[in-house]
Structures are given as structure tokens and as C-alpha cells.
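Visitor: In this text, residue positions in the sequence shown follow the numbering used here: the first is 2, and each later residue adds one. Idealized CB from N, CA, C, for every residue including glycine. Note that the structure is predicted; figures quoted are calculated from it, not measured. Below: one structure in C-alpha cells.
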Amino acid sequence: MAPPAPVEIRPGVPDYSSVHEPVGELFEPISNSVDWQKHLLSKDKVDQFWRDGFLLNVPLLNPDQCDRILEDYKIFMGETTHPGMDMMYEYHSNQSGDPNNVLIHGLGHWRLTKLFHDLVFLPQAVVPSSQLLVKDKTVPVRFWHDQLFAKPAHHGGCVAWHQDYSYWTRTQPMQHLTIHIALEDQTEENGTLYYIPGSHRWTRNGNPLPVTDIDFKDMESIMTVLTEEEKKDFKPVPSMLKKGQASFHHAMAVHGSYGNKSDQPRRAAVLNYFADGTISNTDDDLLKGIKIPKGQKMEGQFFPLVYDPKSME
Ligand SMILES: O=C(O)CCC(=O)C(=O)O
2 MAPPAPVEIR
12 PGVPDYSSVH
22 EPVGELFEPI
32 SNSVDWQKHL
42 LSKDKVDQFW
52 RDGFLLNVPL
62 LNPDQCDRIL
72 EDYKIFMGET
82 THPGMDMMYE
92 YHSNQSGDPN
102 NVLIHGLGHW
112 RLTKLFHDLV
122 FLPQAVVPSS
132 QLLVKDKTVP
142 VRFWHDQLFA
152 KPAHHGGCVA
162 WHQDYSYWTR
172 TQPMQHLTIH
182 IALEDQTEEN
192 GTLYYIPGSH
202 RWTRNGNPLP
212 VTDIDFKDME
222 SIMTVLTEEE
232 KKDFKPVPSM
242 LKKGQASFHH
252 AMAVHGSYGN
262 KSDQPRRAAV
272 LNYFADGTIS
282 NTDDDLLKGI
292 KIPKGQKMEG
302 QFFPLVYDPK
312 SME
């Protein structure tokens, strides 16, 4: 059966968040349990994730899928326009404000284009997520939000060291993860993402480290809140993802990236998920214009169930 037509926010402007299944633009939807099983991670990979706090070089997209997504990406690079930009939860054409340190950062583009919508449902993303969100369990997966991080050539900016969950305590408990998808080869010169192995265990009474990179300029600002022991263990590993590969990281894993000094842009698409059963911890907006009363389950139009392990049965 064909997926339902999206609701339009204005005549001719569809909001793809109203469709909770792939529309068939990026990949052939899966219809049987055997095909789902092909995307399971091995036990070794799951163990590695819990040991280090991240997994590198997971194949997610083929070069053609990356190229098609990069066409849509032009909207956010200012190369073309889109009538539904107001659906974005956030859009920063330069998050640092410094013309020598330009970071384009957006959230919510899954609502705008079919390709970004379907990426959220990609089996290569959602099946491993069901294995990695909660230790020693396989759980149903809900979408939290997406992000774009683009560093233009020559003066592309850094993303200071941080833990994602420091920004997400408005949703609880911590059972979240991030998938960072490289849309072109990442190198040390163009600002590849780095991780600190073991840093997903760095907590303060069970809470994440405080946010320190408020102005998106000071790469090393996290050092002001680390213990001497943590500073000693601060040993960055470059992810060096190839085009179409992804890294999966725990929501407390410290990560960051330096500027882009190369003569090509470095563009990434990011997916953030949480385990089904996560609760809102605020009566304020969770994302722009989106509220779920404090204490109630995160679900509904903007937080779809993207994978249920029962599909494997
Ligand atoms: O694109 C980057 O370098 C930073 C991305 C990031 O923080 C993430 O993927 O969670």
C-alpha cells in the first residue's frame, strides 16, 4: 500500500513529519523479517559500543544516496530556496557568528524533503539503534530530531567538545543516541569528528557535564569542567569516516571537530533517537513550537516510532 499523502502546512508545502513511514524516495522499504535481520550489528560491535562509547565506519548510504541527499542539502547551504524553511526547529547560517569560523547548523529538515524524511527510517540506522540505546536490551526506537552540520571550505568552523545529552535533559531518562553520517570523506584537514574513548562514563551524580561551548568558538572550553583524571584520559580518536559511512555514539560520549581548512565543504547529516518510553521533562517547548506536558511520554507527530523489534519476528 502506498504511504499516506503528507499534510500541507500551506497550499503546496507538505510537512513530511505527518507521514510515519518511508515514502520510498531514498531506499526500497522492507517488507519481511529476514530483510530487517540483515541490519543487525554483531555482538562484538555492540560490546565495542559500550566499551568505547562509539562505533566508527558503519556503512549506511551508498555514493548515489549521498549525492542525492547533497542536492537537497543545497537548501541549507544557501544555494537554493525552500518554501517550508519555517518548519525547521532551528537554522543557523553561522552558529559562531565569526566569519572565519563558519558552522551551518540546522534541526528539523526531515519535515522539508522526501529524502531527509526517509533517512530517519533507514533500516541501517534504526535496527542498530534498537540494539544500542539501552545496554543488554533490544528496544523500540523513537525519533528525537535530526541535525545538519556543514563546514564551508577554507573557513569552516569547529564544534567544541561536548556530550549531546547535556543539551537534552528536557527528555528523560538518558536513553538516547546519535548517528553522524558523513556525506563526503572526512579528513583531519576538513574537520573530521573526533571521539574520546570511555568518556560516556563521565557523569556528575548521574548527570551529564554542563554545557560549556556556548558560543561555538572555543574548542577546548570543556577543559574547565573536567577532573584531573578525565583530562589525563582525554585521548581524541579521529573518526575519518568515508562518504556514506556513519559513526554511532552514546549520548554521553564526548566528541567534537576542528575547522575545515580544505578547499571543499564538509557536510554531515545527523540522526538522534531515543528509546520508546522516554518522557518529557518540561512544560516548555521541546523543539520550536512543540510541547509535551512534563511527565508524559514523548510520542505523536514529531516523535514517530521508527522501528519496533517485533518487525523481526
Ligand atoms: O559535525 C560535527 O563535526 C559535529 C557533529 C556532532 O556534534 C554530532 O554528530 O553529534
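1) Could you work out which residue in Asn33, Lys262, Met2 is closest to Lys152 when comparing CA atoms only?
2) Checking the sheet assignment: what are the DSSP bridge partners for Asp147?
3) As a quick check of your reading: which residues have a C-beta less than 5 Å from at least one non-hydrogen atom of ligand 1, in chain order?
4) Figure out for me which residue from Pro15, Asp53, Ser248, Ile70 has the closest Cα to the Cα of Glu26.
5) Exposed or buried, what is Pro209 when buried is set at 16 or more other beta-carbons lying within 10 Å of its beta-carbon?
6) According to DSSP, is Tyr74 part of a helix, a strand, or is it coil?
7) In chain order, what residues of the same chain have a beta carbon less than 8 Å from the beta carbon of Leu61, not counting five sequence neighbours either side?
8) Can you confirm whether the segment 184–193 touches the segment 130–149 when touching is taken to mean that 3 or more C-beta pairs between the two stretches lie within less than 8 Å?
9) Can you tell me the Cα-Cα spacing of Gly199 and Val271, whole angstroms?
10) Are there three or more Cβ pairs, one per stretch, closer than 8 Å when the segment 139–150 is compared with the segment 105–116?
11) Cβ atoms of Lys218 and Ser97: under 8 Å apart, would you say?
12) Val298: which of Gly13, Pro174, Asn33, Val140 sits nearest, CA to CA?
13) Tell me which residue opens and which closes the beta strand (DSSP E) that His106 is part of.
14) If you drop the 5 nearest sequence neighbours on each side, which residues of the same chain put their C-beta closer than 6 Å to that of Trp162?
15) State the DSSP-derived secondary structure class of Ile182, mapped to helix, strand or coil.
16) Would you call Val160 buried or exposed, if buried means 16 or more other Cβ atoms sit within 10 Å of its Cβ?
17) Applying the 10 Å Cβ sphere with the 16-neighbour rule, what's the burial state of Gln176?
18) Quick one: give me the first and last residue of the alpha helix (DSSP H) that Asp119 is part of.
19) Whose C-beta lies closer than 6 Å to the C-beta of Gln164 among residues of the same chain, with five residues either side of it excluded?
20) Going by C-alpha to C-alpha distance, which of Arg205, Tyr17, Gly192, Pro237 sits closest to Asp53?
21) Quick test of your reading: Ser281 and Thr170, contact by CB under 8 Å. State the CB separation rounded to the nearest angstrom.
22) In or out: Asn33 buried (at least 16 other Cβ within 10 Å) or exposed?
23) May I ask which residues mark the beginning and end of the alpha helix (DSSP H) holding Asp53?
24) Let me know the secondary structure DSSP gives Thr225 once reduced to three states.
25) If distances are taken between C-alpha atoms only, which option among Val226, Lys292, Asp309, Asp216 comes closest to Asp99?
Guide: This is what the structure holds:
1) Selection Asn33, Lys262, Met2 evaluated against Lys152 yields Lys262 as nearest (Cα-Cα).
2) In the DSSP assignment, Asp147 forms a beta bridge with Leu272.
3) Listed by position in the chain, the residues whose beta carbon lies within less than 5 Å of some heavy atom of ligand 1 are Phe150, Val160, Thr179, His181, Leu194, Ser258, Ala269, Val271.
4) Taking the Cα of Glu26 as reference, the smallest distance to any Cα among Pro15, Asp53, Ser248, Ile70 is reached at Ile70.
5) Under a 10 Å Cβ-count criterion, Pro209 is classified as buried, with 16 or more other Cβ atoms of the shown protein chains found around its own Cβ.
6) It is helical.
7) Only Leu123, Gln125, Ala126, Ile180, Ile182, Gly245, Gln246, Ala247 meet the Cβ criterion.
8) At 8 Å Cβ cutoff, the stretches do not touch.
9) Straight-line measurement puts the Cα of Val271 at about 22 Å from the Cα of Gly199.
10) Verdict: yes, contact present.
11) Contact: yes.
12) Before going on, a small fix: residue 298 reads as Lys here, not Val. Selected option, being the one with the closest Cα: Pro174.
13) For His106, the enclosing beta strand (DSSP E) starts and ends at 105–108.
14) Sequence-distant partners of Trp162 (beyond 5 residues in either direction) whose C-beta falls short of 6 Å from its own C-beta, in its chain, are Ile223, Val255, Gly257.
15) In the structure shown, Ile182 falls within a strand segment according to DSSP collapsed to helix, strand and coil.
16) By the Cβ neighbour-count rule, Val160 is buried, with 16 or more other Cβ atoms within 10 Å of its own.
17) Counting Cβ neighbours within 10 Å, Gln176 comes out buried, since at least 16 surround it.
18) The continuous alpha helix (DSSP H) containing Asp119 extends over residues 115–120.
19) Excluding residues within five positions, the ones whose Cβ falls inside 6 Å are Pro209, Leu210, Met253, Val255.
20) Residue Pro237 is the option with its Cα nearest to Asp53.
21) No, Ser281 and Thr170 are not in contact; Cβ-Cβ is about 11 Å, not under 8 Å.
22) Classification of Asn33: exposed, given that the 10 Å Cβ count is below 16.
23) Element bounds for Asp53: 44–53.
24) Helix at Thr225.
25) Here the closest residue by C-alpha is Asp216.
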